[in-house]
Structure formats: structure tokens, C-alpha cells
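**Student:** Residue numbers (this note's numbering): 7 to 392.
Glycine included, every Cβ here is placed at the ideal spot set by N, Cα and C.
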Ligand SMILES: Cc1ncc(COP(=O)(O)O)c(C=O)c1O
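(1) I'd like to check one pair, residue 238 with residue 105: are the Cβ atoms closer than 8 Å?
(2) Any chance the CB of residue 211 is under 7 Å from a heavy atom of ligand 1?
(3) Are the C-beta of residue 26 and some C-beta of chain D separated by less than 8 Å?
(4) Can the beta-carbon of residue 190 be found less than 8 Å from the beta-carbon of residue 156?
(5) Could you check if residue 286 is buried or exposed, using at least 16 other CB atoms within 10 Å of its CB as the buried criterion?
(6) Is there at least one non-hydrogen atom of ligand 1 closer than 7 Å to the beta-carbon of residue 177?
(7) Are there any heavy atoms of ligand 1 lying less than 7 Å away from the beta-carbon of residue 131, as far as the coordinates show?
(8) Can you find at least 3 beta carbon pairs, one from the stretch 202 to 209 and one from the stretch 224 to 241, that sit closer than 8 Å?
(9) Is the beta carbon of residue 224 less than 8 Å from the beta carbon of residue 74?
(10) When you measure from the CB of residue 249 to every non-hydrogen atom of ligand 1, does any distance come out below 7 Å?
(11) Residue 149 and residue 165 - do their beta-carbons sit closer together than 8 Å?
(12) Which residues in the same chain have their Cβ closer than 7 Å to the Cβ of residue 193, if we skip the five residues on either side of it in sequence?
(13) Cutting at 8 Å between CB atoms, please list the residues of its own chain near residue 311, excluding the five before and the five after it.
(14) Extract the residue ranges of the beta strand (DSSP E) inside the stretch 305 to 350, only unbroken runs of 3 or more that lie entirely within it.
(15) Is the stretch 117 to 125 touching the stretch 172 to 183 in the sense that three or more CB pairs, one from each, lie closer than 8 Å?
(16) What residue range is occupied by the uninterrupted alpha helix (DSSP H) comprising residue 184?
(17) Rank 381, 343 and 377 by C-alpha distance to the C-alpha of residue 27 and give the top, closest one.
(18) Kindly examine ligand 1 and report whether one of its heavy atoms sits closer than 7 Å to the Cβ of residue 375.
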């Protein structure tokens with residue numbers, strides 16, 4: 007008998023996984039595939055972090071930690087807010103989590119009532135709406151485009167808010183567009199949410215991966231905001247499954263309770279490894295890699311535009327270019343699949359990011375070297391006959 011919970015009908019697989027499966031198949035047949043679909047850094051985890059993990063495991067540090075994480079790591083993150091942003095965040099408000107994914111699950115496990123509505127940007131990170139649904143909340147899309155830098159505005163939020171709305175989730179920099187919210191914009195959104203007694207969650211997972219400007223943290227806007235972050239992207243620890251969340255004080259014990267019940271604790275060796283993430287030698291490695299990401303973006307964005315893709319908002323962070331491909335194709339899913347089959351370029355079609363003109367958009371991740379990007383652009387040039 008197969009009788010899954012009703013919510014599963016509302017939760018989708020990543021479409022890009024099919025593309026990735028096909029890409030792997032082609033590779034197994036000897037084809038050279040350039041991976042621009044992958045949303046994770048291509049760099050290995052910095053050596054000081056790896057060494058700290060090995061030491062921890064060899065030293066027997068393999069048992070449960072407190073549910074909210076190692077006190078020393080919570081302190082290190084609090085220090086990081088002080089040194090990086092000049093913002094005081096008490097370690098007692100920091101929960102270490104199983105990635106930003108774990109943080110989002112904990113937040114919605116504490117906040118979502120059945121039927122409560124949650125506003126979020128479309129296009130946006132696909133798992134958000136599925137996580138909300140998992141906890142019986144209802145995702146409600148705010149369609150965003152270049153006119154608001156692909157971010158919700160206070161007016162859009164006010165318009166979308168109704169009696170069932172419980173809160174707003176934004177990401178800055180955003181996936182798939184890489185666009186940022188300024189301090190003033192975060193403050194204005196917070197005001198709208200506050201005035202409606204809602205919850206405001208800000209996903210800062212791509213902080214540390216901005217180019218030209220630093221991303222302002224929502225922690226500087228108010229201590230009633232849920233701020234989500236991760237060791238996955240900036241610290242290049244995707245597979246270590248470690249992140250954190252700055253929790254509004256009244257909810258810390260709730261998050262602790264849910265963490266105890268859902269996962270017991272974040273992965274212990276990963277937490278010990280992350281203690282080395284803020285060391286100056288690690289930061290030096292990460293800064294060099296950030297410069298490399300910037301060089302990739304600066305090469306790829308104009309190159310794609312010269313081929314007929316349109317980048318309608320300035321991507322200031324993350325490692326994605328979200329392109330309007332309507333001048334080249336009227337179906338981005340077909341385009342993505344055809345590019346893969348004919349020239350071995352894997353990119354993510356818009357359908358993975360929501361229902362806001364997905365067929366017109368495609369996301370290229372610059373998670374591969376400039377040399378490989380050059381090869382990709384050459385193949386695309388031939389493909390489009392430019
Ligand atoms: C915007 C955003 N939030 C959260 C996540 C989840 O990341 P992780 O669980 O690896 O920290 C991702 C991953 O791509 C993301 O793009």
C-alpha cells in the first residue's frame with residue numbers, strides 16, 4: 007500500500023536534478039560537460055577547516071553537543087558579527103543548525119500554524135516554499151522583477167498581506183538573481199512586517215560572496231528578525247551540513263526544544279571544523295576565492311549578454327546570473343535540455359525558481375573556472391550562430 011501524507015502532493019523535486027542525471031550519463035559516455043547548474047562552490051573546503059575536523063575526530067570529539075550547538079562556536083559567530091558588521095549579537099541568541107536548510111526547518115517548526123501564509127519572492131530558492139508546506143504553512147508568492155531588483159518592496163508586501171499572513175521571508179543576496187537589499191530596504195520591510203505583528207526572516211546565506219559592496223545584515227535592523235546563515239557557500243562547506251540562525255530572544259527556548267526533538271544536535275565534527283572558519287588564515291583563503299568569483303562574474307555577464315541573454319538586474323552577490331533568454335528561445339526548459347545534449351552546457355531552467363515567467367529565464371552558476379567559462383561561451387557562440 008502506498009498512502010503518502012497529503013502535503014507531498016504540494017512538494018516538488020528539483021527539476022534540475024533530472025538535468026544533472028542526464029549530464030552525468032553523458033559524462034559516463036565520454037562527453038565533456040561544463041557544469042553551470044550547480045549551486046555550490048567548486049573550491050574544496052579551506053585546509054584549516056579540514057585540519058580542525060581531522061583533529062576533532064582523532065581527538066574523539068564525536069559525541070552529541072548541546073542542541074543549540076557548541077558554546078565556543080556560538081561565541082565565535084557572535085564575535086564575527088562584531089568584527090565583520092560592528093553589530094552586537096549575544097551568543098545566547100545563536101543556534102547552530104544543520105545548514106541554512108536546518109535553520110529554515112527549525113524556524114518554521116516554531117512559527118508556522120496550519121494554514122498560515124508566508125510571503126516570499128518569486129523567482130526564489132525553491133526549497134523555501136516546500137519547507138513552509140512541510141510545516142503546514144502556505145507559501146504565497148510575491149512576483150518580483152527587475153523594477154524592484156527582484157526583491158519584495160514594502161508596497162508589494164503590504165499589498166499581499168491578508169488576515170492569514172504570518173510573515174515574510176527574503177534572501178539577500180538572493181538566489182537565483184544575486185540581488186541585494188540595502189540596510190534601508192531591510193528596515194522598511196521590517197517596519198511593514200512589524201506593523202502587522204508578523205514574523206520577518208532574512209536568509210543571508212550568500213553573505214561574504216558579494217562583489218564591490220558588502221551586504222548589510224538584518225541583525226543591525228532589529229533583534230526581532232530571524233537571520234539565517236550557513237557555512238555552505240562563503241565558507242565552502244556544503245557537504246558538512248552546518249549553518250546558524252540568529253533567533254529573536256523570546257523564541258530561543260522554542261528553537262532549542264525543536265532542535266532537541268528533531269535532530270538532537272548539529273553534526274559534531276563539522277562544528278569543531280567550523281571553529282577554524284573565522285581564523286585569519288581561513289579568511290585570507292576565502293577572500294582570494296571571492297576575488298576569483300568576481301573575476302568569473304565580470305567575464306561571464308558581458309559574454310552572455312553579447313550572445314543575446316539579458317541580465318536585467320545587477321547581480322551583486324552569490325554566484326549566479328539569472329538571464330532572460332526570451333530573445334533566444336521561448337522555452338527555457340527546452341533550451342537547457344538542448345544546450346546540454348548538443349554542446350554539453352548544463353544550466354538551470356527558470357522552472358526551478360517558481361512560476362514567474364520561468365520559461366523566459368535560465369540561471370547560469372559561475373561555479374567553474376574562467377578557463378572553463380571561456381570554453382562554455384565559445385560553445386554557446388557557435389550554438390547560437392553569433
Ligand atoms: C537561498 C538559499 N537558502 C538556503 C540554502 C540551503 O543551504 P544549506 O542548507 O546548504 O546551508 C540554499 C542552497 O542553495 C540557498 O540558495
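**Tutor:** Checking against the coordinates, here is how it stands:
(1) On the chain shown, position 99 is the one that residue 105 refers to. On the chain shown, position 232 is the one that residue 238 refers to. Result yes, Cβ atoms of residue 105 and residue 238 sit closer than 8 Å.
(2) In the chain shown, residue 211 corresponds to position 205, counting from 1. Checking every heavy atom of ligand 1 against the Cβ of residue 211, one is found closer than 7 Å.
(3) The structure shown has no chain D; it contains just one protein chain.
(4) Within the chain shown, numbered from 1, the residue matching residue 190 stands at position 184. Within the chain shown, numbered from 1, the residue matching residue 156 stands at position 150. For residue 190 and residue 156, no; Cβs fall outside 8 Å.
(5) For the purposes of this step, residue 286 is identified with residue 280 of the chain shown, where counting begins at 1. Exposed is the call here.
(6) Numbered from 1 along the chain shown, position 171 holds the residue referred to as residue 177. Checking the Cβ of residue 177 against ligand 1 gives yes.
(7) In the chain shown, residue 131 corresponds to position 125, counting from 1. Within the cutoff, so yes.
(8) yes
(9) For the purposes of this step, residue 224 is identified with residue 218 of the chain shown, where counting begins at 1. For the purposes of this step, residue 74 is identified with residue 68 of the chain shown, where counting begins at 1. No, they are not a contact pair.
(10) As a position in the chain shown, residue 249 is number 243, starting the count at 1. Answer for residue 249: yes, Cβ within range of ligand 1.
(11) Translated into the one-based positions of the chain shown, residue 165 becomes position 159. Translated into the one-based positions of the chain shown, residue 149 becomes position 143. The answer is no: Cβ separation not under 8 Å.
(12) Mapped onto the chain shown, residue 193 falls at position 187. Once the five neighbours on either side are set aside, the close Cβ partners of residue 193 are 227.
(13) Taking the chain shown and counting its residues from 1, one reaches residue 311 at position 305. Closer than 8 Å at the Cβ level, and outside the excluded window around residue 311, lie 317.
(14) 326 to 330
(15) yes
(16) Reading the chain shown from its first residue, position 178 is the one you call residue 184. Neither: residue 184 is in no alpha helix (DSSP H) and is coded neither H nor E.
(17) Residue mapping note: residue 27 aligns to position 21 of the chain shown, counting from 1. It is 343.
(18) Start at 1 with the first residue of the chain shown, and residue 375 comes out as number 369. No, ligand 1 has no heavy atom inside 7 Å of this Cβ.
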